[in-house]
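Peer 1: Quick one: the structure is below, questions incoming.
Chains as they are written, first to last, in our numbering: chain A, 711 to 1099; chain B, 711 to 1099.
Okay, structure coming up:
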């Protein structure tokens, strides 16, 4: 009878653990706890923290992509760590160290392949999503066996990856329809020191920022044969004497209606660009050097955070008349924002206050604060369904 | 000992049933089997049918929305049935008959409310997503206690629903921030017999087609105070003598770059409209009267299906030069298409061949055919993250 009771007890434990796993995955997310090397699994419907996953290595500049079923999160660590997190079982499914120094990654359109961009050794590696088994390696060779740091890696339609070679000043377009033998198109002399890049939300334009000179390099993926073009010749560090506290992230560029809003480099300004002509329409003065300039999913509002010493602030621009309609002060060191998929709320990481703040994006009211240890990047599982992230 | 074994056996059964439910929900979908009143739960990663749910009533003209966690599908039946399907447990979670004749529905931005548009009695009803409990009822009254049929119901940003009154020629904008007391703005005399409507993907423009006259009615939700405007004055039934086999669905309008592609009414043409000026740019001759004109998620290709007697065909338009680049013949009575979230594949329902056909959208190769009984609408769970569907 004791044995029976014990077995029933075990049974309940097992069943309970399992029943708790009727968990859907459309409203989940990952928050990077940079200093601790850990990550939180969160739920945006309940606005709650479901689990903490530890021992993920160096997560400075970490980024995350999701499997197409939204079950797995893949975390790219600075130390070359690639970790596959199971969002249904709150645990690490697989973890490898794939390089010495890594800067980000992407997942292929069909969800079968993960690409990681590396500084050391310079190049990209492609892994099977399922097992993290290495499928292909593409060293970023230029000149005499020199390897370039790779930045701005994104996925693009038709099973392609695109990335930039910082040291070489090149953009490479990789077709992995035959994953064992990737086809590479190289675009050379695209500009000095591309430092980051973005793909337009429709997957058509790959745009790289240049650290070494003014302007931006644009590759039209509908017409790759026309080569890389230079746009916005005045864009970049406008004054060598002005300190640039942090190069803005390009991923955050906002598309709102006919306009793109982009962070000026080193200036207290957000620039408004006409998408058709790539010309400057307006400069909007803001509270500091912008880092992320992100459109609410409906494009009506654009949220902006700032580099030190203005990184306690957030400002919101109304796309209707391109003016600032709200300023917020979430706390010390506002690092990142992520909108819920249909944009009704936004999660904000406030690193030095050890908090996540959730705002209602229409009333700008604070809904809840949740504890997190030095949170940085926030990534929701709905990214699984988007291109170029 | 027998008891112990029995309990262990039970325990295994319970655990096994539960363990099988480590199912993520980002790659699921619903296929309507119209004639049978049943629905299939499908998986787009495995390209498989997971379950069949029966006894769902009259599913002619049925449509589906998804909860924000992508766990539940809500099916709107023609007979006023509203069924909540649990995609994790392959079963009906709740089913009500909420009206006598229904035409579609929507889910609020925050995911808490389901709205259903009814012909009989004319109006909309709003339910709690969680329990399907009635929260508010908005009769579509006009004139002396007359109730209008309601069509073109969509969700819009800031917890709004928008719909059209077919008999009254009105558009109503409903704010449910206080769900017990919805605020209603009525736009009158917008045109004769609005028969369907769409919301632009950014949630800004609500566009209703008019059955009773030429042109389209547009409400700019960024500037509702400016009222409803008429665009494309020549759009509609161009020749009264030409038979219109099926009014095109407006939901399928494609936005590709700067253009919108829309089905001409009664003509063998797809019309290309400039989004900025709402003017006609081009007429593309196609193989029949277009029904759905749908852009691949990257906007590069536009897929078109047709009304009887050309409903065995599909044509694909390249957005780059607005020409037809491919014609396919999937089978008898091609009713609907749904792209996978990042657009690498498309599922097509072929009603009279009792098949679903999955195509690679780049090579146009057929990947697989799956059996389904007279399939009509196909709806993937990624719709949970989109506005206006």
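Note that beta-carbon positions come from the ideal geometry of N, C-alpha and C, so glycine has one too.
1. Beta strand (DSSP E) containing residue 1101 (chain B): first to last residue?
2. Which residue spans inside the region 910 to 988 of chain B form an unbroken beta strand (DSSP E) run of at least 3?
3. For a contact defined as C-beta to C-beta under 7 Å, what are the partners of residue 1072 (chain A) on chain B?
4. If you pair each beta-carbon of the region 1069 to 1083 of chain A with each one of the region 879 to 896 of chain A, do three or more pairs fall below 8 Å?
5. With a threshold of 8 Å, are at least 3 pairs of Cβ atoms found where one atom belongs to the region 993 to 1013 of chain A and the other to the region 1021 to 1041 of chain A?
6. Indicate whether at least one CB of chain A lies closer than 7 Å to the CB of residue 973 (chain B).
7. Is the shortest distance between the beta-carbon of residue 732 (chain B) and the beta-carbons of chain A less than 7 Å?
8. Taking the Cβ atom as the reference point for each residue, do residue 1006 (chain A) and residue 1074 (chain A) lie within a distance shorter than 7 Å?
9. Inspect the beta-carbon positions of residue 829 (chain B) and residue 801 (chain B) and report whether they are closer than 7 Å.
10. Under DSSP, the beta strand (DSSP E) around residue 788 (chain A) begins and ends at which residues?
11. Could you spell out where the beta strand (DSSP E) holding residue 828 (chain B) opens and where it closes?
12. Along the region 769 to 785 of chain A, what residues have a CB closer than 9 Å to any CB found in chain B?
13. Would the region 939 to 946 of chain A and the region 869 to 881 of chain A be scored as touching if the rule is three or more Cβ pairs under 8 Å?
14. Between B:1057, B:1042 and B:779, which lies nearest to residue 1019 (chain B) when the distance is taken from Cα to Cα?
15. Answer yes or no: do residue 923 (chain B) and residue 901 (chain B) have a C-beta to C-beta separation smaller than 7 Å?
16. From the beta carbon of residue 1051 (chain A), is the nearest beta carbon of chain B less than 7 Å away?
17. Assuming residue 863 (chain A) and residue 834 (chain A) form a contact by the criterion Cβ under 8 Å, report the distance between their Cβ atoms to the nearest whole angstrom.
18. What are the residues of the region 1008 to 1023 of chain B that lie near chain A, defined by any Cβ-Cβ distance shorter than 9 Å?
19. In angstroms with no decimal places, state the Cα-to-Cα distance between residue 977 (chain A) and residue 958 (chain A).
20. Is residue 785 (chain A) closer than 7 Å to residue 772 (chain A) when the C-beta atoms are compared?
21. Just tell me which of B:1094, B:839 and B:926 has its CA closest to the CA of residue 874 (chain B).
22. Please list the partners that residue 1094 (chain A) has in chain B, where partner means a Cβ-to-Cβ separation under 9 Å.
23. Residue 755 (chain B) versus chain A: which residues are under 8 Å apart at the beta carbon?
24. Can you give me the start and stop residues for the beta strand (DSSP E) that residue 1069 (chain A) sits inside?
25. Quick one: any contact between the region 849 to 857 of chain A and the region 814 to 826 of chain A, if contact means 3 or more CB pairs under 8 Å?
26. Determine whether the Cβ of residue 798 (chain A) lies closer than 7 Å to any Cβ atom of chain B.
27. Contact check, residue 1086 (chain B) vs residue 1061 (chain B) under 8 Å by CB: the rounded distance?
28. Using 7 Å as the limit for Cβ to Cβ distance, is residue 922 (chain B) near chain A?
29. If the cut is a Cβ gap below 7 Å, which residues of chain B does residue 932 (chain A) touch?
30. When the Cα atoms are used, what is the spatial distance from residue 990 (chain B) to residue 982 (chain B)?
31. Taking 7 Å as the threshold (beta carbon to beta carbon), is residue 935 (chain A) in contact with chain B?
32. Output needed for residue 914 (chain A): all residues of its chain with C-beta closer than 6 Å, excluding positions within five of it in sequence on either side, in chain order.
33. Residue 1000 (chain B) and residue 975 (chain B) - do their beta-carbons sit closer together than 7 Å?
34. Name the DSSP beta bridge partners of residue 906 (chain A), please?
35. How is the beta strand (DSSP E) around residue 1095 (chain B) delimited, first residue to last?
Peer 2: Taking the coordinates as given:
1. The shown model of chain B, from 711 to 1099, leaves out residue 1101 (chain B), and the question about it has no answer.
2. 915 to 920, 926 to 930, 938 to 941, 964 to 966, 969 to 973 and 979 to 984
3. Residue mapping note: residue 1072 (chain A) aligns to position 362 of the first chain, counting from 1. Result: 868.
4. No: the two stretches stay apart, fewer than three of their Cβ pairs being nearer than 8 Å.
5. yes
6. As a position in the second chain, residue 973 (chain B) is number 263, starting the count at 1. Output row for residue 973 (chain B): interface = no.
7. Taking the second chain and counting its residues from 1, the one referred to as residue 732 (chain B) is at position 22. Yes - at least one Cβ of chain A is within 7 Å of the one on residue 732 (chain B).
8. Residue numbering aside, residue 1006 (chain A) sits at position 296 when the first chain is read from its first letter. Residue numbering aside, residue 1074 (chain A) sits at position 364 when the first chain is read from its first letter. For residue 1006 (chain A) and residue 1074 (chain A), no; Cβs fall outside 7 Å.
9. As a working note, residue 829 (chain B) is residue 119 in the second chain. As a working note, residue 801 (chain B) is residue 91 in the second chain. Cβ atoms of residue 829 (chain B) and residue 801 (chain B): not closer than 7 Å.
10. Taking the first chain and counting its residues from 1, one reaches residue 788 (chain A) at position 78. Here residue 788 (chain A) belongs to no beta strand (DSSP E), and DSSP marks it neither H nor E.
11. For the purposes of this step, residue 828 (chain B) is identified with residue 118 of the second chain, where counting begins at 1. Residues 823 to 830.
12. 776, 777, 778, 779, 780, 781 and 782
13. no
14. Position 309 of the second chain, counted from the start, is the residue given in the question as residue 1019 (chain B). Per the C-alpha coordinates, the member of B:1057, B:1042 and B:779 positioned closest to residue 1019 (chain B) is B:1042.
15. The sequence position of residue 923 (chain B) within the second chain is 213, counting from 1. The sequence position of residue 901 (chain B) within the second chain is 191, counting from 1. Yes, the Cβ-Cβ distance between residue 923 (chain B) and residue 901 (chain B) is below 7 Å.
16. Locating residue 1051 (chain A) in the first chain gives position 341, counting from the first residue. Cβ-Cβ to chain B under 7 Å: yes for residue 1051 (chain A).
17. For the purposes of this step, residue 863 (chain A) is taken as the residue at position 153 of the first chain. For the purposes of this step, residue 834 (chain A) is taken as the residue at position 124 of the first chain. Between residue 834 (chain A) and residue 863 (chain A) the Cβ distance is about 6 Å, and since that is below 8 Å, they are a contact.
18. Answer set for the region 1008 to 1023 of chain B: 1008, 1009 and 1010.
19. Position 267 of the first chain, counted from the start, is the residue given in the question as residue 977 (chain A). Position 248 of the first chain, counted from the start, is the residue given in the question as residue 958 (chain A). For residue 977 (chain A) and residue 958 (chain A), the distance between alpha carbons rounds to 11 Å.
20. Reading the first chain from its first residue, position 62 is the one you call residue 772 (chain A). Reading the first chain from its first residue, position 75 is the one you call residue 785 (chain A). Yes, they are a contact pair.
21. On the second chain, position 164 is the one that residue 874 (chain B) refers to. Nearest of B:1094, B:839 and B:926 to residue 874 (chain B), Cα basis: B:926.
22. Start at 1 with the first residue of the first chain, and residue 1094 (chain A) comes out as number 384. Result: 736, 737, 1051, 1052 and 1092.
23. The residue given as residue 755 (chain B) occupies position 45 in the second chain. The contacting residues are 778, 779 and 821.
24. Taking the first residue of the first chain as 1, we reach residue 1069 (chain A) at position 359. Residues 1065 to 1070.
25. Between the region 849 to 857 of chain A and the region 814 to 826 of chain A there are fewer than three C-beta pairs closer than 8 Å, too few to call the two in contact.
26. Along the first chain, read from residue 1 onward, the residue named residue 798 (chain A) stands at position 88. It does; some Cβ of chain B falls within 7 Å.
27. Start at 1 with the first residue of the second chain, and residue 1086 (chain B) comes out as number 376. Start at 1 with the first residue of the second chain, and residue 1061 (chain B) comes out as number 351. Confirmed, Cβ separation roughly 6 Å.
28. Indexing the second chain from 1 puts residue 922 (chain B) at position 212. So no, residue 922 (chain B) is outside the interface.
29. In the first chain, counting from the first residue as 1, residue 932 (chain A) sits at position 222. Simply 1010 and 1030.
30. Numbered from 1 along the second chain, position 280 holds the residue referred to as residue 990 (chain B). Numbered from 1 along the second chain, position 272 holds the residue referred to as residue 982 (chain B). Residue 990 (chain B) and residue 982 (chain B): Cα-Cα distance of roughly 6 Å.
31. The residue labelled residue 935 (chain A) in the question sits at position 225 within the first chain. Cβ-Cβ to chain B under 7 Å: no for residue 935 (chain A).
32. For the purposes of this step, residue 914 (chain A) is identified with residue 204 of the first chain, where counting begins at 1. Hits under 6 Å: 931 and 932.
33. In the second chain, the residue the question calls residue 975 (chain B) occupies position 265. In the second chain, the residue the question calls residue 1000 (chain B) occupies position 290. Not closer than 7 Å, so no.
34. Locating residue 906 (chain A) in the first chain gives position 196, where the first residue counts as 1. In DSSP, residue 906 (chain A) forms a bridge with A:919.
35. Counted from its first residue, the second chain places residue 1095 (chain B) at position 385. Annotation for residue 1095 (chain B): no beta strand (DSSP E) segment contains it, and DSSP assigns it neither H nor E.
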